[in-house]
Structures are given as structure tokens and as C-alpha cells.
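Quick note, the sequence shown lines up with residues 119 to 753 if you use my numbering.
C-beta atoms are modelled at their ideal positions from N, C-alpha and C, and glycine is treated no differently.
All values derive from a computational prediction rather than experimental measurement.
The structure appears right after this line, and notes come after that.
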Amino acid sequence: MEVSNDSQSIQLAIDTQGLLASFTASLLKFATTGSLQLGELPSNLIRNVKLKDQLPKALWALLSESLHKAAISLARDYDLPIGLSESDLKAVRVFEIDGSLTIKISTDFFAPKSIFQLAKQLEPSLAHWLACLGLVDVDAANASHRLGPILAKCLHETWIENPKRYEIIENSVNSPFVKVAEQITKFTYYQTTLIEGPNERVFEETFSLSSIYIEPRYYRLEKMESKEDLDFHSEAPQTAPLKVGGWLATDLREWITKSKSSDAIRIISGGPGAGKSSFAKMFAAQLAMEEIPVFLIPLHQLEMDQPPAEAVRSFFSETDIFDLDPLTYVHGDRVVIIFDGLDEIQLQGKGSTELAAQLVSGLSTWIDRLNTSKDRFRFIVTGRELSVQLADRTLKLPGKVLHLLPYYWDQEEFGNVIAPDEEGMFYADQRESWWQQYQRLKGHRPTGTPRQLLEGEIGEVTAQPLLNYLVALALEQGLELDENLNINTVYASLVTAVYKRSWADKPHPALGGVDEGEFVRLLEEIAVSVWHGAAKTTTVAEVEERCRSSGLAPLLAELKKSAASGVTSLMLAFYFRQKGRRPDGEQTFEFTHKTFMEYLVSLRVVRLIKQISKQRKENQKDLDSGWDSKTRLSP
Numbered sequence: 119m120e121v122s123n124d125s126q127s128i129q130l131a132i133d134t135q136g137l138l139a140s141f142t143a144s145l146l147k148f149a150t151t152g153s154l155q156l157g158e159l160p161s162n163l164i165r166n167v168k169l170k171d172q173l174p175k176a177l178w179a180l181l182s183e184s185l186h187k188a189a190i191s192l193a194r195d196y197d198l199p200i201g202l203s204e205s206d207l208k209a210v211r212v213f214e215i216d217g218s219l220t221i222k223i224s225t226d227f228f229a230p231k232s233i234f235q236l237a238k239q240l241e242p243s244l245a246h247w248l249a250c251l252g253l254v255d256v257d258a259a260n261a262s263h264r265l266g267p268i269l270a271k272c273l274h275e276t277w278i279e280n281p282k283r284y285e286i287i288e289n290s291v292n293s294p295f296v297k298v299a300e301q302i303t304k305f306t307y308y309q310t311t312l313i314e315g316p317n318e319r320v321f322e323e324t325f326s327l328s329s330i331y332i333e334p335r336y337y338r339l340e341k342m343e344s345k346e347d348l349d350f351h352s353e354a355p356q357t358a359p360l361k362v363g364g365w366l367a368t369d370l371r372e373w374i375t376k377s378k379s380s381d382a383i384r385i386i387s388g389g390p391g392a393g394k395s396s397f398a399k400m401f402a403a404q405l406a407m408e409e410i411p412v413f414l415i416p417l418h419q420l421e422m423d424q425p426p427a428e429a430v431r432s433f434f435s436e437t438d439i440f441d442l443d444p445l446t447y448v449h450g451d452r453v454v455i456i457f458d459g460l461d462e463i464q465l466q467g468k469g470s471t472e473l474a475a476q477l478v479s480g481l482s483t484w485i486d487r488l489n490t491s492k493d494r495f496r497f498i499v500t501g502r503e504l505s506v507q508l509a510d511r512t513l514k515l516p517g518k519v520l521h522l523l524p525y526y527w528d529q530e531e532f533g534n535v536i537a538p539d540e541e542g543m544f545y546a547d548q549r550e551s552w553w554q555q556y557q558r559l560k561g562h563r564p565t566g567t568p569r570q571l572l573e574g575e576i577g578e579v580t581a582q583p584l585l586n587y588l589v590a591l592a593l594e595q596g597l598e599l600d601e602n603l604n605i606n607t608v609y610a611s612l613v614t615a616v617y618k619r620s621w622a623d624k625p626h627p628a629l630g631g632v633d634e635g636e637f638v639r640l641l642e643e644i645a646v647s648v649w650h651g652a653a654k655t656t657t658v659a660e661v662e663e664r665c666r667s668s669g670l671a672p673l674l675a676e677l678k679k680s681a682a683s684g685v686t687s688l689m690l691a692f693y694f695r696q697k698g699r700r701p702d703g704e705q706t707f708e709f710t711h712k713t714f715m716e717y718l719v720s721l722r723v724v725r726l727i728k729q730i731s732k733q734r735k736e737n738q739k740d741l742d743s744g745w746d747s748k749t750r751l752s753p
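Okay, here's the thing in C-alpha cells:
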């Protein structure tokens with residue numbers, strides 16, 4: 119390590135080959151002892167520098183320990199020490215490259231952007247090291263791309279664990295964390311955890327969310343108010359609102375910076391697996407990278423028997439993220455709070471839909487108070503279509519609900535979405551970009567979306583982000599792309615995925631103690647109710663009656679305190695939306711994809727046929743058991 123020091127910065131030249139060799143030694147220690155013990159500085163990493171010089175020693179201690187922690191974290195995530203003997207690890211050859219890495223320590227080095235630049239320089243060598251430890255080349259490259267956010271978090275953790283050890287760095291260059299006057303705080307550490315969020319692996323893949331992410335599009339509903347509007351959009355019915363679209367992140371950024379306090383809340387709506395939580399993670403990370411204060415709050419973790427302000431303070435305090443209310447000391451012209459999962463809030467004795475409306479109303483009141491003295495705060499709320507529809511109807515939020523668009527939509531069936539499209543990208547089929555990126559990450563030649571996945575029932579499925587991934591997963595597991603492609607296999611995977619919610623690592627709160635088999639059975643009855651209903655819709659009362667006649671009412675009551683609220687909970691957990699009202703005023707609901715309904719109805723029909731066959735055999739053995747011909751044909 120060579121060091122030069124001036125009044126503005128400190129430069130380090132690091133022997134990268136020696137650095138990665140020391141990673142291997144640390145990995146061996148970790149594999150055998152279960153703890154990371156760095157010990158003395160490796161002498162082969164120090165060149166032309168006297169160890170008694172405290173500044174370079176402190177700098178190297180901070181960087182070395184943080185880099186080691188980051189590398190070990192990656193190795194652990196892929197279970198690399200497992201199956202490797204001591205001799206295997208000692209034999210690993212790292213960094214068969216010449217030269218060294220020169221980095222510059224200045225006032226903004228420890229800001230996320232600078233850390234990411236350093237990590238980018240290290241990625242090729244880290245990928246080589248991971249490949250030596252057992253990852254195939256493409257997976258090692260995917261893993262190395264995750265270094266930046268992990269290193270940012272490790273640097274903050276290392277500093278916070280022993281700040282006195284690094285005081286000499288603060289005294290030699292401006293405070294490494296943003297400004298001289300700002301010490302390392304829990305808030306800056308919290309921001310690094312948000313930056314790392316999209317860096318986590320997707321399911322069991324070697325790549326992260328940020329590697330496969332596709333920027334989402336959206337539309338909002340706007341009423342046509344002027345004669346010019348009516349003339350320009352003459353093909354649209356005058357009573358129908360316009361669908362005005364855009365790029366979600368771009369338009370939200372503009373809203374955050376330019377909107378007034380009277381327009382300080384946005385709601386993002388989409389079905390299960392539409393990308394709401396993925397967007398929340400990515401957007402929070404992007405804002406944190408740009409040093410815009412941001413908080414990401416999972417709504418299912420809030421205590422909903424309190425006002426929103428108290429619930430948020432309790433959340434941060436009880437989860438040990440902050441000792442004090444962070445909103446009272448956070449700096450910035452704009453502060454963004456993202457509430458994720460409007461449909462997942464729950465409270466004893468109240469239904470989710472009632473709570474959703476109550477929460478949004480409470481947030482509206484709270485943000486008005488927060489912005490009384492200075493217009494700083496912006497709230498973003500995500501939720502499934504049904505919960506957002508019911509909250510929107512109660513609170514009247516015209517233009518503030520942003521509906522996520524799928525990777526592809528049929529203009530004739532979906533309706534026209536009006537959006538600026540200067541580069542011809544807004545109306546593009548995003549499946550093509552997703553599949554090319556996925557194929558690269560899996561080590562395949564990027565050929566784009568398989569033709570068989572663009573049409574018919576399977577085309578409807580692949581237009582949705584999560585469902586599209588499930589199809590890709592099914593292909594990896596042996597699903598054949600031919601004329602006999604079995605869409606039912608995909609749907610079976612879909613229902614299981616929605617129940618287990620693997621993408622969120624937790625079941626949907628609305629499902630309570632109902633197991634997967636019971637979940638499917640209840641969905642079947644809703645599907646039959648929709649199938650029998652007028653215009654392929656149903657009501658809560660009709661579903662409740664159907665389940666009662668099928669002996670499933672206790673399952674609904676198990677979901678919530680009443681069967682009616684149990685029906686609503688099921689709809690919140692799956693792909694449903696509000697359609698309209700019957701003449702008697704009852705709300706009607708429909709499946710967001712009619713093919714889901716058809717699949718579930720077919721499951722119910724097959725179940726009934728099996729039941730008839732079983733009961734017929736019982737009756738043939740014993741006339742007093744099972745069903746006779748008359749019973750089998752009864753309605």
C-alpha cells in the first residue's frame with residue numbers, strides 16, 4: 119500500500135493480489151472458527167509505508183476489515199466454504215493480474231457513489247476469487263456485482279463498531295461521512311441498508327433484484343375537462359376518464375421535487391407480484407444513493423391500533439433502527455416515506471379494507487401537520503388493486519393513484535394509454551428486455567422472449583412480472599416449449615407461489631392459519647361463483663353462500679372474525695379487483711385474469727368428478743354408503 123497525503127485527499131495504492139489472498143486466509147479462518155479474525159495487517163499489502171504511521175494504518179484497517187467482511191458475506195451467501203477442505207482453500211490462486219488498485223480518500227469517499235466506484239474496480243478480481251472457490255463463471259460475475267451495496271454497509275458497520283479507532287481519518291481529511299459536522303449516525307447507516315436492499319438474491323438465483331429489474335410504467339385516471347380534451351380524444355367515450363401514462367420512477371421524482379404540500383401523497387396500485395415491493399426497494403435505494411432522506415416501512419409491521427405518527431415512531435424504536443423519532447432530526451429539503459403493503463395491514467376486530475381507508479385518511483392528516491411549517495415530506499403507499507380501490511372510493515384521490523402497467527398490454531383490450539414516447543420505448547414489450555437480461559444472467563445466449571410465450575393464455579401470464587419469472591423457472595425445471603405446452607403447470611406454480619409469497623419471505627397476513635390446500639379449495643369456490651355470476655362477476659354474499667353450501671364456512675371464519683370479511687381477505691390475497699355494483703347496490707368483483715378463473719373452475723370440476731367416482735365405488739360395495747345414481751345426479 120503506497121500512501122500520498124495532501125490537504126485535500128489521501129491516495130492509497132493497494133496490492134490487489136495480496137488483498138484477495140488475505141480474503142482466502144480469512145475465509146479459511148471463518149470456515150474453521152465461525153468468526154472473522156483479521157489479526158495483524160498482512161505485510162504483503164503494505165509497500166513503502168512505515169507501519170508506525172498512524173493515518174495509513176487506520177485507513178487500511180478500516181478498508182481491509184470492511185472489504186474482508188463484504189467478501190466473507192458474499193462467500194457465506196453462496197455456501198462456498200461448504201465442501202472445501204483446508205488444502206483446497208490454501209491452493210486457491212487469486213488475482214492472476216498485474217498492477218495495483220489506486221484509490222483516493224477525500225471528503226466524499228465514503229458517500230455511496232464513491233464506494234460503488236471502488237467496488238466496480240474490484241468486481242473482476244472478486245469474480246475470479248469466487249470462481250476459484252467454486253462458483254461457475256457467470257454466477258461468480260453475478261455475485262461480484264453485489265459488492266457495492268454490501269461494502270457500503272460494511273464500512274458503516276466497521277466505523278460504528280469502533281469510531282475512536284478512526285478519529286485520525288476524520289482529523290486528516292474532512293469527515294468521511296458526508297460532512298465534517300456530521301458524525302456517523304444511525305440514519306446514515308440506515309440509508310446504506312436501503313441501498314443494499316435490491317442487492318439481495320432473487321429467490322435462489324445467484325443474481326440480485328437490481329440485476330434483473332425492469333423500470334415500471336404506470337397510468338393514472340384523469341377526467342377530460344375541456345372541449346379541447348374531448349376533441350383531441352374524440353374516440354374515447356366522453357364519460358370515460360383518460361388513462362395518462364408515464365415512467366413511474368421519473369414521474370415520482372418530479373412530483374417529489376416540484377409538488378406542493380397540498381399534493382403530498384401517492385398510492386401505487388398493482389396485483390400480487392406486479393412489482394410494487396420491488397419498485398419500493400429500488401426507488402428507496404436510488405433516493406438514498408442520491409442522499410435524499412428516505413424511509414421504507416412495511417405496513418404489516420405497524421401497530422395499527424395507534425395513529426400513523428405513533429405507529430411509525432414505535433416501529434423504528436421497537437426494531438432498534440433509531441432511538442429517537444428520526445423525522446425530528448433528519449436533514450433535507452425533501453423527505454420521502456414509503457409505506458409498502460396497504461393490503462397487509464390487520465387489526466383484531468377490523469377488516470383489512472376498513473383499515474386501508476383508515477390508514478390513508480390518517481396519513482393525509484399527518485402529512486398536512488408535518489408540512490405546516492415547511493413543505494418537506496412526501497408519502498408513497500403501495501397496495502393491491504382491491505385494497506387501493508376501496509380506499510380510493512372512500513377518500514376520493516383523483517389522479518393520485520398510480521396503476522402499474524404489465525410488461526405488455528393489448529391496446530384494444532386494455533384501452534389506450536396516453537403517454538410521451540419520444541424514444542419509442544413506452545409502448546415496447548418489456549418481456550424482450552427481461553428475457554435477454556435473464557438469459558445473460560443464466561449464462562445463455564440472449565435470444566429474447568421465446569415465441570411460444572407471447573401468444574394466447576401463456577402470453578397473458580408472461581405479461582405480468584412475477585408470473586413471467588415463474589414461467590422462466592418452469593422452463594429451467596424442464597417445461598417443454600412445444601405445441602403441447604401445458605399452461606396448467608404454470609398456473610399450479612402460480613397458486614403455490616402466491617400462497618407462499620416466496621418473493622416476500624412471509625405468507626400474506628390475510629390468510630391467517632389456512633394451509634395451502636384449504637387456500638386452493640376456497641379459491642375454487644370463488645371461481646365457481648364468478649363462473650355462475652352475471653357478467654362473470656360475484657359478490658361477497660354470493661361467495662359466502664357458496665362456501666356455506668359446500669361446508670367451507672368455518673374456513674372463512676378462520677381467516678377473519680366473520681365469513682364476509684374472510685371472503686374479502688381471500689380476494690386481497692389473490693388476483694381480484696372491484697368491477698361495479700349490482701342493481702341492489704352490492705359491490706361486484708372479478709378475477710383480474712379470466713384464465714385464472716377458468717383454471718380454478720377446472721380444478722373444482724375435476725375434484726367433483728373424483729368425489730363422484732369415489733362415492734359411487736363406496737355405494738357399489740355397500741348400498742347404505744356412498745352415493746347412488748339419484749344422489750349423483752342431484753343438483
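Rounded to the nearest angstrom, the Cβ distance from phenylalanine 397 to leucine 366 is 6 Å, consistent with a contact under 8 Å. Here proline 583 is buried, its C-beta having at least 16 other C-beta atoms within 10 Å. Per DSSP, glutamate 541 lies in no beta strand (DSSP E) and is assigned neither H nor E.
Linking glutamate 340 to histidine 521 through their CA atoms gives a straight-line distance of about 12 Å. For glutamine 733, the uninterrupted alpha helix (DSSP H) run begins and ends at 712 to 739, by DSSP. Annotation for leucine 198: Leu251, Gly252 place their beta carbon closer than 6 Å to its own, counting only its chain and skipping 5 residues before and after.
The straight-line gap separating the alpha-carbon atoms of glutamate 285 and methionine 689 is approximately 56 Å. Boundaries for threonine 565: no alpha helix (DSSP H) harbours it, and the DSSP string shows neither H nor E there.
It is roughly 34 Å from the alpha-carbon of histidine 711 to the alpha-carbon of glutamate 314. The residue among Thr656, Val613, Thr655, Val256 with its C-alpha nearest the C-alpha of arginine 639 is Val613. Under the DSSP assignment, threonine 500 falls outside any alpha helix (DSSP H), being part of the beta strand (DSSP E) whose first and last residues are 495 to 501. Linking serine 262 to serine 328 through their CA atoms gives a straight-line distance of about 13 Å. For proline 316, same chain residues with a beta-carbon under 6 Å away, outside a window of 5 residues either side, are Leu327, Ser328, Lys399, Met400, Ala403 in chain order. Around alanine 592, the same chain offers Thr607, Val608, Ser611 as residues with beta carbons nearer than 7 Å, after the five sequence neighbours per side are excluded.
In this structure leucine 248 is not in contact with alanine 237, their Cβ atoms being roughly 14 Å apart against a cut-off of 8 Å. By the criterion of at least three beta-carbon pairs nearer than 8 Å, the segment 565 to 578 is not in contact with the segment 366 to 375. Three or more beta-carbon pairs drawn from the segment 270 to 285 and the segment 177 to 194 are found closer than 8 Å, and the two stretches are therefore classed as touching. DSSP lists no beta-bridge partner residue for glycine 703. By the neighbour-count criterion, in which 16 or more other beta carbons inside 10 Å mark a residue as buried, alanine 429 falls on the buried side. It is roughly 32 Å from the alpha-carbon of valine 648 to the alpha-carbon of isoleucine 536.
Between isoleucine 463 and valine 412, the gap from beta carbon to beta carbon reaches 8 Å or more. When DSSP states are grouped into helix, strand and coil, threonine 324 belongs to the coil group.
Using a Cβ distance threshold of 8 Å, serine 432 and alanine 474 do not count as a contacting pair. Taking the Cα of tyrosine 526 as reference, the smallest distance to any Cα among Ala193, Glu333, Asn489 is reached at Glu333.
Here phenylalanine 497 is near isoleucine 383, since their CB atoms are less than 8 Å apart. In the DSSP assignment, tryptophan 365 is bridged to Arg335. Per DSSP, the beta-bridge partners of aspartate 458 are Pro416, Thr500. DSSP, reduced to helix, strand and coil, places glutamate 573 outside both helices and strands of the structure shown, so it counts as coil. Around the CB of aspartate 742, fewer than 16 other CB atoms lie within 10 Å, so the residue is classed as exposed.
Secondary structure note for leucine 312: its alpha helix (DSSP H) is the uninterrupted segment 304 to 314.
Pairing glutamate 573 with threonine 713 gives a Cβ-Cβ distance that is not under 8 Å. Looking only at Asn260, Asp547, Arg700, the smallest Cα-Cα distance to arginine 335 is reached by Asp547. Measuring C-alpha to C-alpha distances from tyrosine 617 to each of Arg569, Tyr693, Glu663 identifies Tyr693 as the nearest. With a contact defined as Cβ atoms closer than 8 Å, lysine 187 and threonine 306 miss out at about 18 Å. Scanning its chain for C-beta atoms nearer than 8 Å, with the 5 sequence neighbours on each side dropped, one finds around aspartate 255 the residues Ala245, Ala249, Gly561, in chain order. Across the structure, glutamate 472 and methionine 715 are spaced so that their CA atoms are roughly 26 Å apart.
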